[in-house]
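Inspection log for the structure reproduced underneath, given as structure tokens.
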Amino acid sequence: MQLIFHKSEKYIEEDIFYYISDQRDKHSMIKPKKEDLISMTVDSENLTTPSKKKIANVLYPFKKNSIDKIYIGLSFPLFSNNWAASYLRYLLKIIKKDGSIILPVYPEEQANEKGMWSRSFLENIFTSRTGWTGTNNVWAENDGVMSMRIGKKFPKKINSTLNFFLEEIGNQSFRYDFENKESNNLNLVKNIWSISKLSSIVEKIIQDKFANNKITYCDIGNDPYLAFEINVSSYIKIKKTILMTDNEDLYSELNNYFSYRNTADYERLDKSNFKNISLANPDVITIIYNSNNKEILDEVVNCCPNSVVVFYGILDSRDNTYDKYNISNYSSIVAAKLDSKKTINHYSDIIEDEINSEIKAEGEKIYVLTPK
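Residue numbers (my numbering): 1 to 372.
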């Protein structure tokens, strides 16, 4: 079985053309036949076994060593963070011994700009041979394409909330549950992908603002996944994470999972406890997973005037409440700051157009408020 992963059905044709054209694989080492590929998407609501008849969700819990090849489409939102590294490691478990994962990679500067994979990022994490001895996990294929295979040494597990999710669903009973009680799992699957994207964007904002300096990070939201994912990131330096959430059950589950792993310090506060958050004086505060983000933002502006705030929602440019901040936007598609004078390149023409029209688009956006 050969699978190809997409963001949604909209991108299927472009994603497939990238691999079947001669441009990327002149020697036909990895080129698939279009008729052999089975498409799966991130946003599919079909939590079922992959097939040609119905496009299934990519987080269907596959059996180990069951897939011949997996092609990662251009549109597939796979960022170069702990979450995605954990996902690639998971895919290595579900391919057959002689199977492979084929994915697009970017030149170093472009990869760093967008938070996507470059050859060096992959090799730093997944290289498994010593010198020229043994089979490597990472293979260079051609311009813009690399493949991953089962190498000399299986890559070590990286801290991520994705591993918590995979361990919960990665057994036969949960596979049965997926196929027979889809409605109970669909929101969870959508949320897992949301964390993948937003954690990478928040990481990039922290990198841009604080470089390698250690920071105190705070997330205010109903979903503790984001805060735990940022807390264990290998790409930024967190000295402490504060979770302001009323979701005690999920917090408790994640707290138990990470309690014996090497993480930065973290603590939970009630969402009404803004006085204590001001005492902690966090460097960065994220306000994303709430139904009343704007109300929380106004509270934060009053109690934490020195914090950089990452806010998801709508800001009125005529409102002078935020005059003490420099305000910028980050893409909700790739981990990059938006600039109307600068084009952000992408291998996908469709996605490149979407990214570069974001700054002018109406509706909810990712804002970064930096104290002047």
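Even glycine gets a Cβ: it sits at the ideal position worked out from N, Cα and C.
Report, in whole angstroms, the separation of the C-beta atoms of Glu-267 and Ile-230, which I expect to be a contact under 8 Å. The Cβ separation is near 14 Å, so there is no contact.
Assigned secondary structure, Phe-258 (DSSP; H/G/I helix, E/B strand, else coil): helix
Taking contact to mean at least 3 C-beta pairs separated by less than 8 Å, is the region 350 to 366 in contact with the region 324 to 342? yes
Within 9 Å, strictly: CB atoms of Ile-102 and Lys-153: no
Mind checking Gly-363: buried by the 16 CB within 10 Å criterion, or exposed? exposed
Any C-beta of chain C sitting closer than 9 Å to the C-beta of Ala-56? Any reference to chain C falls outside this structure, which holds one protein chain only.
Secondary structure at Asn-57, three-state DSSP: helix, strand or coil? strand
Tell me the DSSP secondary structure of Val-105 in three-state form. coil
Minimum length 4: unbroken alpha helix (DSSP H) runs contained in the region 180 to 215: 182 to 210
Distance between Ile-220 and Glu-295 (C-alpha atoms, nearest Å): 12 Å
Return the CA-CA distance between His-27 and Glu-109, expressed in angstroms with no decimal places. Low confidence applies here, because His-27 scores a pLDDT of 48, under 50, leaving its location unreliable; read the following figure in that light. When rounded, the distance between both Cα atoms is 27 Å.
Do Tyr-19 and Val-145 count as a contact pair if the criterion is CB distance below 9 Å? yes
Is the CB-CB distance between Lys-114 and Ile-344 below 9 Å? yes
Would the beta-carbon of Asn-222 fall within 9 Å of that of Tyr-312? no
Check whether Leu-3 and Ser-44 have beta carbons under 9 Å apart: no
Could you tell me if Pro-282 is buried or exposed, where buried requires 16 or more neighbouring beta carbons within 10 angstroms of its beta carbon? buried
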